[in-house]
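*Asks:* The numbering of the sequence shown is the UniProt record's numbering, which starts it at 1 and goes up by one.
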Amino acid sequence: MPNANVRGAAYCLNHVPNLAFHYGNTPWVERESKKDSEFLAKLPEHVQSFEDSARFAPNLAYIGALSLEELAAHPQPWLQNLLPEVRRFGSYGEIMPEDEFLGLLDLCDVFDIVWLEQGFAGEVKGKLAAHPLLSKGPLARLEAGHPEEEVRKEVEEHGALPLYLGERLVGCSRKGHELDECLSAYVLLENLACKAGGVLSLLHLLETTGMAPEEVDFVVECSEEAAGDMNQRGGGNFAKAVAEIAGCTHASGCDVRGFCAGPVNAVIAGACMVASGARKNVVVLAGGAIPKLYMNSRDHVKKDLPALENCLGNFAVLLGPDDGQHPVIRLDALGKHSVGAGASPQAVTTALVYEPLQKLGLSFEDVDKYAAELHIPEITLPAGAGDVPAANFKMIAALAVMKGQLEKAKMGDFVTQHGIPGFAHTQGHIPSGVPFLGHASDAIRQGRMKRAMIIGKGSLFLARLTNLSDGASFVLEAPQPGAGAAQGVTLDEVKSLLLEALGDLAAALRDSK
1 MPNANVRGAA
11 YCLNHVPNLA
21 FHYGNTPWVE
31 RESKKDSEFL
41 AKLPEHVQSF
51 EDSARFAPNL
61 AYIGALSLEE
71 LAAHPQPWLQ
81 NLLPEVRRFG
91 SYGEIMPEDE
101 FLGLLDLCDV
111 FDIVWLEQGF
121 AGEVKGKLAA
131 HPLLSKGPLA
141 RLEAGHPEEE
151 VRKEVEEHGA
161 LPLYLGERLV
171 GCSRKGHELD
181 ECLSAYVLLE
191 NLACKAGGVL
201 SLLHLLETTG
211 MAPEEVDFVV
221 ECSEEAAGDM
231 NQRGGGNFAK
241 AVAEIAGCTH
251 ASGCDVRGFC
261 AGPVNAVIAG
271 ACMVASGARK
281 NVVVLAGGAI
291 PKLYMNSRDH
301 VKKDLPALEN
311 CLGNFAVLLG
321 PDDGQHPVIR
331 LDALGKHSVG
341 AGASPQAVTT
351 ALVYEPLQKL
361 GLSFEDVDKY
371 AAELHIPEIT
381 LPAGAGDVPA
391 ANFKMIAALA
401 VMKGQLEKAK
411 MGDFVTQHGI
421 PGFAHTQGHI
431 PSGVPFLGHA
441 SDAIRQGRMK
451 RAMIIGKGSL
461 FLARLTNLSD
471 GASFVLEAPQ
481 PGAGAAQGVT
491 LDEVKSLLLE
501 ALGDLAAALR
511 DSK
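And the structure:
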């Protein structure tokens with residue numbers, strides 16, 4: 001069966017504590033519902049600086065500045081054992097500071113939604129001019145800015161949302177319609193931030209893979225945002241909007257949604273396009289979610305910890321035809337959580353892990369590493385949600401015991417050997433397996449790993465349409481010797497082979513006479 005390769009991956013974080021404080025859903029709701037909030041009064045004291053964020057081991061693992069082996073070996077708690085030096089860039093991407101991200105918001109705005117204060121616009125232009133990926137074409141899109149009094153008037157009289165750096169007003173996000181809630185200032189800011197994160201990761205992906213923007217055929221965007229208006233609230237299209245800014249002039253695209261399972265479903269959809277020959281180079285990407293910022297900050301403040309949910313997470317993955325060199329997505333054994341599968345952890349794990357392995361004739365231990373819900377535990381533990389990745393790996397180990405493939409006494413060893421530490425921010429869709437694609441692909445290409453399973457799980461009941469949950473999974477493995485050769489044959493080569501075969505046939509006929 002034809003398959004698709006993972007050709008490269010990019011992962012970026014946008015450190016945005018001011019956006020988190022003002023527009024993360026937890027502080028936003030608190031601000032709207034309580035005028036005198038002790039939580040909001042204390043929250044500014046718990047902000048993690050950019051420098052500390054760029055020394056926090058899980059963040060560095062996410063952008064490829066730290067291997068997962070180094071992350072696992074790094075002294076814990078990671079929050080109290082920051083790395084000695086700031087690392088903004090890694091092999092997969094970067095951690096972008098907030099002032100530059102606000103500039104990137106303006107670069108990605110094509111409807112004059114974002115206004116930057118002119119002094120700040122000048123400052124950030126100088127910083128973006130030094131950025132290795134934004135200094136050329138995209139920088140020309142940055143506005144000259146507006147006088148501060150104009151920005152303030154837009155906020156006070158026309159319903160725009162202020163954009164701050166500390167106490168300084170540096171811009172605003174304007175509404176797109178007086179009555180349409182889908183085009184409110186908040187929703188447009190949320191969507192533009194998602195778009196901007198996708199653009200940044202796509203630019204890094206093109207840089208690391210060496211692919212020209214014009215070579216991208218199709219983009220699949222799989223965040224949790226919805227772009228539309230009052231007549232069609234989620235019509236899209238984030239994918240083409242991102243492709244436009246990145247210069248992918250020959251690409252089309254569409255959006256795929258599935259809550260936390262969306263990215264895995266999107267990778268499967270993109271891989272099927274490639275394997276069928278419908279598209280050659282497909283990018284799957286997602287930007288981050290402003291509402292998820294500071295989601296658990298109330299518990300962090302209560303426990304006198306830094307509010308760690310201060311980064312928008314985003315990623316981009318390039319898929320191409322099987323060339324016999326890059327890691328392969330096995331499309332003949334996909335995991336799916338069907339309507340009738342059941343909602344218990346055992347039922348979900350059976351559908352997403354055991355059944356695909358059965359199709360391939362593999363055991364639980366034939367998979368080197370599993371990746372599911374890779375939340376940073378130092379974010380979720382103070383909130384009472386536990387170590388989510390570890391819980392998933394324990395469930396897989398327990399199912400292996402139930403299926404007679406593992407001794408109960410070896411469950412702990414299984415979790416250690418086949419699990420990975422959580423290193424992704426709680427952005428909903430971002431932690432769900434896909435952050436491991438870059439690390440896994442590198443390990444497979446380097447011969448350090450043969451096979452990984454990427455698992456995405458989603459909570460469909462959040463939409464108030466069904467009580468069902470969702471999930472999907474796929475196996476990523478080393479290419480088979482000689483695989484992909486047929487997919488690389490051109491039309492001219494086919495003609496040459498036919499002429500050669502006809503020549504051999506003619507010679508054979510002559511010899512027979």
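C-beta: ideal position from N, C-alpha, C; glycine also.
Source: prediction; values computed, not measured.
1. What are the start and end residues of the beta strand (DSSP E) that includes ARG451?
2. Beta-carbon within less than 8 Å of GLU123's beta-carbon, same chain only, minus the 5 sequence neighbours each way: which residues are those?
3. Just list the alpha helix (DSSP H) runs in the region 42-125, keeping only unbroken ones of 4 residues or longer that don't cross its boundaries, in chain order.
4. Round the Cβ separation of LEU192 and ILE113 to the nearest angstrom and send it over; I've been treating them as touching at under 8 Å.
5. Less than 7 Å between C-beta atoms, sequence neighbours within five positions excluded: which residues of the same chain meet that for GLN346?
6. For LEU169, write down the residues that DSSP places opposite it in a beta bridge.
7. On the criterion of 16 or more Cβ atoms from any shown chain inside 10 Å, does LYS359 qualify as buried, or is it exposed?
8. Identify, in the order they occur along the chain, each residue of the same chain with its Cβ nearer than 7 Å to the Cβ of ALA261, setting aside the five sequence neighbours on each side.
9. Report the three-state DSSP secondary structure of ALA429 (helix, strand or coil).
10. Measure from the alpha carbon of MET449 to the alpha carbon of each residue in PHE423, LEU381, ASP368, HIS425, then state which is nearest.
11. Do you know offhand how far GLU30's Cα is from LEU19's?
12. Give the DSSP-derived three-state secondary structure of ASN191 in the structure shown.
13. If ALA4 sits next to ILE329, beta carbons under 8 Å apart, how far is it from one beta carbon to the other, in whole angstroms?
14. Please classify SER276: is it buried, with 16 or more other beta-carbons within 10 angstroms of its beta-carbon, or exposed?
15. Hey, how far is the Cα of VAL155 from the Cα of SER441?
16. Would you call the region 287-294 in contact with the region 221-230, where contact means no fewer than 3 C-beta pairs closer than 8 Å?
17. Pick from GLU85, VAL86, PHE56: whose alpha carbon is nearest that of PRO75?
18. What is the DSSP secondary structure of HIS204, counted as helix, strand or coil?
19. So what's ARG298 in DSSP terms, helix, strand or just coil?
20. Our contact map puts GLY171 next to PHE120 with C-beta atoms below 8 Å; I'd like the distance itself, whole angstroms only.
21. In terms of residues, what are the limits of the beta strand (DSSP E) holding ASN14?
22. Do you know offhand how far VAL434's Cα is from VAL264's?
23. In the DSSP assignment, find the beta strand (DSSP E) that holds GLY471 and state where it starts and stops.
24. Only counting runs of 3 or more residues, tell me where the beta strand (DSSP E) segments fall wholly within the region 304-346, in order along the chain.
25. Might you give, ordered along the chain, the residues of its own chain that have their beta carbon closer than 7 Å to the beta carbon of VAL6, omitting 5 neighbours on each side?
26. Could you check where the beta strand (DSSP E) with CYS254 kicks off and where it finishes?
27. Less than 7 Å between the beta carbons of VAL301 and PHE39, yes or no?
28. Counting Cβ pairs, one atom from each stretch, are 3 or more of them under 8 Å apart for the region 246-254 and the region 383-403?
29. Distance, Cα to Cα, HIS15 vs PRO377?
30. Check the DSSP bridge columns for HIS418 and list the partner residues they point to.
31. In the DSSP assignment, find the unbroken beta strand (DSSP E) run with LEU285 in it and report its ends.
32. Whole angstroms are fine: how far does the CA of LEU406 sit from the CA of MET453?
33. Go ahead and pull the three-state DSSP assignment for ALA385.
34. Assess contact between the region 292-311 and the region 186-203, defined as three or more Cβ pairs (one per stretch) separated by less than 8 Å. Is contact present?
35. Have a look at GLY428, ALA478, THR466, HIS429 and flag the residue whose alpha-carbon is nearest the alpha-carbon of GLN446.
36. Please state the DSSP three-state secondary structure of LYS442.
*Replies:* Result, derived from the coordinates:
1. Position 451 of the sequence shown, counted from the start, is the residue given in the question as residue 451. 451-458 is the extent of the beta strand (DSSP E) around ARG451.
2. Start at 1 with the first residue of the sequence shown, and residue 123 comes out as number 123. These residues qualify, in order along the chain: ASP99.
3. 50-53, 57-62, 68-73, 98-107
4. Stepping through the sequence shown from its first residue, residue 192 is reached at position 192. Stepping through the sequence shown from its first residue, residue 113 is reached at position 113. Between ILE113 and LEU192 the Cβ distance is about 6 Å, and since that is below 8 Å, they are a contact.
5. To locate residue 346, count along the sequence shown from 1; it is residue 346. For GLN346, where only same-chain residues beyond five positions count, the Cβ hits under 7 Å are LEU399.
6. Indexing the sequence shown from 1 puts residue 169 at position 169. DSSP, once it has assigned bridges, lists TYR164 as partnering LEU169.
7. Reading the sequence shown from its first residue, position 359 is the one you call residue 359. Burial call: exposed.
8. Reading the sequence shown from its first residue, position 261 is the one you call residue 261. So the list reads SER432, GLY456, LYS457, GLY458, ASP470, GLY471, ALA472, once near-sequence residues are dropped.
9. Mapped onto the sequence shown, residue 429 falls at position 429. In the sequence as displayed, the identity of residue 429 is His instead of Ala. HIS429: coil per DSSP, three-state reduction.
10. Position 449 of the sequence shown holds residue 449. MET449 has its Cα closest to that of ASP368, out of PHE423, LEU381, ASP368, HIS425.
11. As a working mapping, residue 30 is identified with position 30 in the sequence shown. As a working mapping, residue 19 is identified with position 19 in the sequence shown. Looking at the two C-alpha atoms, the distance is approximately 15 Å.
12. Here the question's residue 191 lines up with position 191 in the sequence shown. Reduced to three states, the DSSP call for ASN191 is helix.
13. For the purposes of this step, residue 4 is taken as residue 4 along the sequence shown, with counting starting at 1. For the purposes of this step, residue 329 is taken as residue 329 along the sequence shown, with counting starting at 1. Indeed they touch by this definition, with Cβ atoms about 5 Å apart.
14. For the purposes of this step, residue 276 is identified with residue 276 of the sequence shown, where counting begins at 1. Exposed: under 16 other Cβ atoms inside 10 Å.
15. In the sequence shown, counting from the first residue as 1, residue 155 sits at position 155. In the sequence shown, counting from the first residue as 1, residue 441 sits at position 441. Cα-Cα distance, rounded: 47 Å.
16. yes
17. In the sequence shown, counting from the first residue as 1, residue 75 sits at position 75. When only C-alpha atoms are compared, the closest one is PHE56.
18. Looking up residue 204 in the sequence shown gives position 204. Helix at HIS204.
19. Walking along the sequence shown from the start, residue 298 turns up at place 298. It is helical.
20. Your numbering for residue 171 matches position 171 in the sequence shown. Your numbering for residue 120 matches position 120 in the sequence shown. Rounded, the Cβ-Cβ distance is 7 Å, consistent with contact.
21. Position 14 of the sequence shown, counted from the first residue, corresponds to residue 14. Note, ASN14: beta strand (DSSP E), 4-15.
22. Residue numbering aside, residue 434 sits at position 434 when the sequence shown is read from its first letter. Residue numbering aside, residue 264 sits at position 264 when the sequence shown is read from its first letter. One C-alpha to the other measures close to 7 Å.
23. Within the sequence shown, residue 471 is the residue found at index 471, counting from 1. It spans 470-477 - the beta strand (DSSP E) in which GLY471 sits, taken as one unbroken run.
24. 311-321, 328-336
25. Within the sequence shown, numbered from 1, the residue matching residue 6 stands at position 6. These residues qualify, in order along the chain: VAL317, LEU319, HIS326, PRO327, ILE329, LEU437, SER441, LEU476.
26. Taking the sequence shown and counting its residues from 1, the one referred to as residue 254 is at position 254. CYS254 -> beta strand (DSSP E) spans 252-255.
27. Within the sequence shown, residue 301 is the residue found at index 301, counting from 1. Within the sequence shown, residue 39 is the residue found at index 39, counting from 1. Contact: yes.
28. no
29. Translated into positions along the sequence shown, residue 15 becomes position 15. Translated into positions along the sequence shown, residue 377 becomes position 377. Rounded to whole angstroms, HIS15 to PRO377 spans 19 Å at the Cα level.
30. For the purposes of this step, residue 418 is identified with residue 418 of the sequence shown, where counting begins at 1. None, per the DSSP bridge assignment.
31. One-based indexing of the sequence shown puts residue 285 at position 285. Looking at the DSSP string, the run of the beta strand (DSSP E) that includes LEU285 is 282-286.
32. Within the sequence shown, numbered from 1, the residue matching residue 453 stands at position 453. Within the sequence shown, numbered from 1, the residue matching residue 406 stands at position 406. When rounded, the distance between both Cα atoms is 18 Å.
33. Walking along the sequence shown from the start, residue 385 turns up at place 385. Residue state, collapsed to three classes: coil.
34. no
35. Locating residue 446 in the sequence shown gives position 446, where the first residue counts as 1. Closest option to GLN446, Cα to Cα, is ALA478.
36. Your numbering for residue 442 matches position 442 in the sequence shown. As written in the sequence, residue 442 is Asp, which differs from the Lys given in the question. Note: ASP442 maps to helix in three-state DSSP.
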